[in-house]
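To start, the structure under review is shown below, and the notes come after it.
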Amino acid sequence: MARHDTQVAVRIPPELHKQLKEKAAKEERSMNYLINKAVELLLNQESAKA
973 MARHDTQVAV
983 RIPPELHKQL
993 KEKAAKEERS
1003 MNYLINKAVE
1013 LLLNQESAKA
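Counting in the working numbering, the sequence shown runs from 973 upward without gaps.
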């Protein structure tokens, strides 16, 4: 089955990358999964304020 997700390159500080990598390993998730969830949370919070 073909994937229809859009790929986006982002730049993050090394320390943030390190923390993200450690959290992903601890939670047995990918960094991509955590980033997607963080973006969803941010957008949902902002839409709730509007």
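All C-beta atoms in this analysis are idealised placements derived from N, C-alpha and C, irrespective of residue type, glycine included.
For Val1011, the enclosing alpha helix (DSSP H) covers residues 1003-1021.
When rounded, the separation of the alpha-carbon atoms in Ser1002 and Arg983 is 17 angstroms. One alpha carbon belongs to Ala981, the other to Asn1004, and they sit about 11 angstroms apart. In the structure shown, the three-state DSSP call for Ala997 is helix.
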